[in-house]
Amino acid sequence: MSEEEDVFRIVIDPKDHRDLPRTVITDCPSDLMNKTGSWRTLRPIVDKDKCIKCGICWKFCPDVSIHVKEEGAEVDYDFCKGCGICAKECPVDAIEMKKEEDYV
Amino acid sequence: MADIPEKELMRKGTTACPGCGAAHAMRYVLKAVGEESIINIPACCWAVIPGVYPSRNLDIPLLYTAFETTGASSSGVRAALNAKDVDPREVTVVGFAGDGGTADIGIQAFSGCVERGTDTIQIMYDNEAYMNTGIQRSGETPYGAWTTTTPVGSEKEWKKQPKKNMMEIANAHGIPYAATVSVGHPELMIEKIKKAKEIPGPKFIHIYAPCPTGWRSDPSNTIELCKLAVDSCVFPLYEIENGEYNIYKKPKDKVPVKEYLKLQGRFRHLPGEEVEKIQKNVDREWELLLEKEKFTKRENEE
Amino acid sequence: MSEMKIVSGNYAAAYGSKLSRAEVVAAYPITPQTEVVEKIAQLVAEGEMDAEFIKVESEHSAMAASIAASNAGARAFTATSAHGLALMHELLMWASGARLPVVMTNINRAMGPPWSVWADHHDTLAQKGTGQLQFFCENNQEVLDSVIMAYKICEDEEIMLPAMIVEDAFILSHTKEPVEIYDQELVDDFLPSYDPDYKLDVDQPLGFGSLGMPDWYMDFRYKIFEAMEKVPEKVEEVNQEFKEVFGRDPGGLIEEYKTDGVDVLIVTMGSISSTSKDVIDELREEGHNIGLARLRTFRPFPVEKFRELIKGVNVVGVLDRNYTFGHGGDAAREIKDAIYGHHEPIVKDYIVGLGGRDLTPKILKNIMEDAIALQDKGLDKEIEWVDLKVNQKRWRR
Numbered sequence: 001m002s003e004e005e006d007v008f009r010i011v012i013d014p015k016d017h018r019d020l021p022r023t024v025i026t027d028c029p030s031d032l033m034n035k036t037g038s039w040r041t042l043r044p045i046v047d048k049d050k051c052i053k054c055g056i057c058w059k060f061c062p063d064v065s066i067h068v069k070e071e072g073a074e075v076d077y078d079f080c081k082g083c084g085i086c087a088k089e090c091p092v093d094a095i096e097m098k099k100e101e102d103y104v
Numbered sequence: 001m002a003d004i005p006e007k008e009l010m011r012k013g014t015t016a017c018p019g020c021g022a023a024h025a026m027r028y029v030l031k032a033v034g035e036e037s038i039i040n041i042p043a044c045c046w047a048v049i050p051g052v053y054p055s056r057n058l059d060i061p062l063l064y065t066a067f068e069t070t071g072a073s074s075s076g077v078r079a080a081l082n083a084k085d086v087d088p089r090e091v092t093v094v095g096f097a098g099d100g101g102t103a104d105i106g107i108q109a110f111s112g113c114v115e116r117g118t119d120t121i122q123i124m125y126d127n128e129a130y131m132n133t134g135i136q137r138s139g140e141t142p143y144g145a146w147t148t149t150t151p152v153g154s155e156k157e158w159k160k161q162p163k164k165n166m167m168e169i170a171n172a173h174g175i176p177y178a179a180t181v182s183v184g185h186p187e188l189m190i191e192k193i194k195k196a197k198e199i200p201g202p203k204f205i206h207i208y209a210p211c212p213t214g215w216r217s218d219p220s221n222t223i224e225l226c227k228l229a230v231d232s233c234v235f236p237l238y239e240i241e242n243g244e245y246n247i248y249k250k251p252k253d254k255v256p257v258k259e260y261l262k263l264q265g266r267f268r269h270l271p272g273e274e275v276e277k278i279q280k281n282v283d284r285e286w287e288l289l290l291e292k293e294k295f296t297k298r299e300n301e302e
Numbered sequence: 001m002s003e004m005k006i007v008s009g010n011y012a013a014a015y016g017s018k019l020s021r022a023e024v025v026a027a028y029p030i031t032p033q034t035e036v037v038e039k040i041a042q043l044v045a046e047g048e049m050d051a052e053f054i055k056v057e058s059e060h061s062a063m064a065a066s067i068a069a070s071n072a073g074a075r076a077f078t079a080t081s082a083h084g085l086a087l088m089h090e091l092l093m094w095a096s097g098a099r100l101p102v103v104m105t106n107i108n109r110a111m112g113p114p115w116s117v118w119a120d121h122h123d124t125l126a127q128k129g130t131g132q133l134q135f136f137c138e139n140n141q142e143v144l145d146s147v148i149m150a151y152k153i154c155e156d157e158e159i160m161l162p163a164m165i166v167e168d169a170f171i172l173s174h175t176k177e178p179v180e181i182y183d184q185e186l187v188d189d190f191l192p193s194y195d196p197d198y199k200l201d202v203d204q205p206l207g208f209g210s211l212g213m214p215d216w217y218m219d220f221r222y223k224i225f226e227a228m229e230k231v232p233e234k235v236e237e238v239n240q241e242f243k244e245v246f247g248r249d250p251g252g253l254i255e256e257y258k259t260d261g262v263d264v265l266i267v268t269m270g271s272i273s274s275t276s277k278d279v280i281d282e283l284r285e286e287g288h289n290i291g292l293a294r295l296r297t298f299r300p301f302p303v304e305k306f307r308e309l310i311k312g313v314n315v316v317g318v319l320d321r322n323y324t325f326g327h328g329g330d331a332a333r334e335i336k337d338a339i340y341g342h343h344e345p346i347v348k349d350y351i352v353g354l355g356g357r358d359l360t361p362k363i364l365k366n367i368m369e370d371a372i373a374l375q376d377k378g379l380d381k382e383i384e385w386v387d388l389k390v391n392q393k394r395w396r397r
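Residue numbers (my numbering), protein chains in the order written: chain A, 1 to 104; chain B, 1 to 302; chain C, 1 to 397.
Following this line, the structure appears as structure tokens:
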């Protein structure tokens with residue numbers, strides 16, 4: 001089953017109260033609802049050449065928005081809020097925080 | 001990374017502030033307790049962090065409950081599971097409340113839950129003030145801190161009382177297991193919560209969870225603050241198992257408390273003599289803890 | 001086998017929860033409810049009742065734990081009184097907002113100060129807006145019956161609301177009466193086990209009770225309104241079924257006692273109804289066309305039923321064992337509200353028996369004669385405080 005099919009057991013885009021469960025029972029994955037990347041004012045940029053794939057950035061990301069892939073750490077910009085913990089904690093300084101406005 | 005389960009049970013898309021220690025806390029708690037768990041959350045930042053209806057942020061069942069009821073709510077869930085013959089070692093019931101919800105308004109239900117020997121893990125994620133309502137002092141706000149209800153004007157009305165010691169309060173109940181953990185030390189945190197999960201009866205976990213918004217600290221410093229809190233002995237990492245103290249991470253070289261304080265705007269107003277006073281108190285508490293460890297370990301060896 | 005036992009109202013409530021197979025009981029002792037807690041503790045200790053009994057540290061926690069247990073799919077029961085109920089206030093609303101069929105007994109007791117442990121309906125009526133269904137009982141048998149029926153009503157998937165079964169302090173709670181303790185199998189047939197469609201379940205990780213923004217909050221409230229609207233019919237339906245299975249009629253929404261074509265209608269709630277019925281008989285023998293309506297279901301208020309009942313009636317005399325601060329008694333106000341714009345008889349509110357003050361047949365007869373006299377002289381005052389020191393001579397003569 002794909003994730004899309006596995007969700008919304010309770011509510012599929014309710015139109016009015018008749019579509020609602022009897023009380024606030026929630027089942028719509030937050031990652032489909034809240035794209036928090038838009039909050040960002042600073043943007044982490046990973047230098048893949050420097051990255052040693054240690055996973056410390058992944059470990060300390062409060063938003064589960066950085067993952068170590070084959071080529072190195074990769075930021076999920078849909079959700080990253082730009083807190084800068086990854087850049088601060090990176091042991092080889094492979095992540096730099098840059099102004100978001102330069103990228104939009 | 002070997003000690004940190006890869007599976008995420010906290011989804012992306014939380015509405016936590018950037019650099020939120022409480023978001024870290026939930027992420028690691030869930031990694032430790034696993035999918036076969038039910039979590040009770042009262043009014044606190046975490047009542048908002050999962051998002052509004054119909055958003056679901058956790059991949060375990062979540063029961064939101066009234067502010068002062070976490071211990072009672074956890075007791076009710078555990079009782080229902082008992083009634084259905086679901087073993088506490090199969091399904092873990094977790095109470096996950098902030099410092100206000102545990103140490104202030106929720107202390108009665110917490111105490112009742114622990115006193116009754118309820119097989120749950122009661123977690124206090126401690127960001128040291130009422131952060132969800134906008135930084136008001138709680139019983140867990142440390143001495144010297146600015147909050148919106150301990151404002152620093154000409155009268156210097158910063159928090160004048162010490163932080164309430166919930167570990168001792170839990171221990172005074174004869175609790176089988178209590179531990180302090182820090183989101184800056186996730187491997188240890190997961191290890192201790194996994195340990196708690198296997199122990200029958202009530203357990204208490206005190207999580208140190210910095211709040212950049214309320215502490216007036218840079219969001220990128222959240223983990224740095226955790227390390228400094230432990231290394232300066234402001235927040236020692238220790239566990240109490242059936243009355244026996246064990247400091248499981250002792251700093252090699254104690255960092256001066258001022259190094260910890262200076263990263264936080266909430267302490268900016270403190271004059272040198274106040275910082276000195278805080279340092280003395282931290283030293284005293286640390287010595288006391290070492291003595292407790294020595295005494296209780298010796299006691300058990302005899 | 002069903003058996004007759006001589007038990008107090010408190011024991012009747014405890015037996016009601018046992019027969020309903022309540023799976024989780026969370027309760028805190030308070031006079032005059034204490035015996036409910038003690039009896040359940042005993043039934044559980046002796047293995048007669050298969051329930052988890054949480055000896056909580058407060059009534060607030062009692063309801064919080066009951067709510068959580070119900071949310072986890074267990075049938076939950078609790079009991080309290082007066083100040084305990086007031087302490088539960090927040091959670092009474094939580095239970096209805098969360099649409100959980102928690103059933104409780106409240107032993108009606110006056111609120112302090114002055115401290116009082118005696119009968120008075122103010123505690124219950126102060127909670128009328130919390131979304132709890134409220135059933136007022138006349139005798140101990142009805143207490144037991146109502147607990148069983150409440151689960152049946154509340155667990156209906158169209159209803160899913162909490163309920164309180166209310167009985168008067170001491171007059172019922174501590175007075176022993178013969179009560180039929182039904183055969184368990186009979187009750188099991190009547191009341192199937194509780195099996196909600198959505199509950200806390202590790203195989204289906206849902207969230208319960210999250211934040212609702214203004215764009216949905218009101219619609220969720222409307223769903224409670226819809227459920228409440230369905231309750232009166234459900235009450236009558238379950239009452240009928242109960243009658244067929246157990247051979248006993250607890251009274252549905254309103255118990256009508258000799259109300260056909262009456263000129264004067266007396267409205268009572270709870271234990272004073274029994275004595276009042278005797279007085280009604282006496283007055284009818286004296287030639288007065290008077291009857292009694294016992295208001296059994298206070299929430300939701302049986303509006304339609306009242307409108308039917310007052311057709312052709314000249315005077316409605318309401319005995320309010322409560323004074324809800326600021327105006328008069330709650331029952332009279334609710335009745336006036338219900339009949340407004342329909343046939344409108346004289347409605348007089350008699351404030352009676354607060355804090356356990358005794359209501360003798362003599363006083364009740366004087367009240368009813370006062371109501372009868374209103375037919376000729378018209379309404380003298382809207383709210384009459386009966387049997388105060390200052391007017392005792394008149395009401396006790």
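Beta carbons are placed, not taken as given, at the ideal position from N, Cα and C, and that holds for glycine.
On a predicted model such as this, the values are computed, not experimentally measured, just so you know.
Assigned with DSSP and collapsed to three states, B/H206 falls in strand. If you look at A/Y103, you'll find it isn't in any beta strand (DSSP E); DSSP assigns it neither H nor E. Contact annotation: in the stretch 27-38 of chain A, residues whose CB is within less than 8 Å of a CB in chain B are D27, C28, P29, S30, D31, L32, M33, N34, K35 and T36.
For B/N221, the chain A residues whose C-beta falls within less than 9 Å of its own C-beta are G84, I85 and K88, listed in chain order. When DSSP states are grouped into helix, strand and coil, C/F77 belongs to the strand group. Taking the C-beta atoms as reference points, C/I148 is found no nearer than 7 Å to C/L43. About 7 Å separates the beta carbons of A/D76 and B/K12, which is inside the 8 Å limit, making them a contact pair. The C-beta of C/R296 has 16 or more other C-beta atoms within 10 Å across all chains shown, which makes the residue buried. B/E287 carries a helical assignment under DSSP once its states are collapsed to helix, strand and coil.
Proximity to B/G117 across B/I193, B/H173, B/P162 and B/M189 peaks at B/H173, based on C-alpha coordinates.
Note on geometry: alpha-carbon atoms of B/D59 and A/P14 lie some 22 Å from one another. By the 16-neighbour rule on beta-carbons within 10 angstroms, B/N82 is buried.
The three-state reading of DSSP puts C/V24 in strand, counting E and B together. Shortest Cα-Cα distance from B/L9 to any of B/T15, B/V33 and B/I41 involves B/V33. One alpha carbon belongs to B/M166, the other to B/E157, and they sit about 24 Å apart.
Secondary-structure assignment with DSSP links A/E74 through a beta bridge to A/H67. Residues R99, E158, I159, M160 and L161 of the same chain have their beta carbon placed closer than 8 Å to that of C/A227, with the five preceding and five following residues left out of the count. Taking a contact to require three or more Cβ pairs closer than 8 Å, the stretch 83-100 of chain C and the stretch 330-350 of chain C do not qualify as touching. Taking a contact as a CB-CB distance under 8 Å, the pair C/S173 and C/P32 counts as one, their CB atoms being some 5 Å apart. Residue contact with chain B for A/P62: present (Cβ-Cβ distance below 7 Å to some residue of chain B). In the DSSP assignment, no residue is bridged to C/D249. Under the 7 Å criterion on CB atoms, B/R56 is classed as interfacial with respect to chain C. Rounded to the nearest whole angstrom, the CA to CA distance from B/L63 to B/I41 is 6 Å. At a C-beta separation below 7 Å, C/P205 has these neighbours in chain B: L58, D59, I60 and P61. As the crow flies, the alpha-carbon of C/S116 is around 47 Å from that of B/E90. A distance below 6 Å between beta-carbons, with the five flanking residues on each side excluded, links B/S73 to the following residues of its chain, in chain order: N40 and T65.
Annotation for C/E46: no beta strand (DSSP E) segment contains it, and DSSP assigns it neither H nor E.
Within the same chain, G328 and D349 come within 6 Å of C/I383 by CB-CB distance, once the 5 residues on both sides are set aside. Of all residues in the stretch 68-82 of chain A, only D76, D78, F79, K81 and G82 place a beta-carbon less than 8 Å from a beta-carbon of chain B. Around the beta-carbon of B/M189, 16 or more other beta-carbon atoms lie within 10 Å, marking it buried.
When CB distances to chain A are screened at a threshold of 7 Å, the residues of the stretch 89-111 of chain C falling below it are G97, A98 and R99, in chain order. Within 9 Å of the CB of B/E68, the CB atoms of chain C belong to H60, S61, A64 and E90, in sequence order along the chain. At a cut-off of 7 Å between beta carbons, C/E52 contacts chain B. The beta carbon of C/N314 is closer than 7 Å to those of D263, V264, P345, I346 and Q375 in its chain, skipping five residues each way along the sequence.
With respect to the C-alpha of B/F96, the residue from B/S55, B/A25, B/K227 and B/N246 having the closest C-alpha is B/A25.
Under the DSSP assignment, C/T259 falls outside any alpha helix (DSSP H); it carries neither an H nor an E label.
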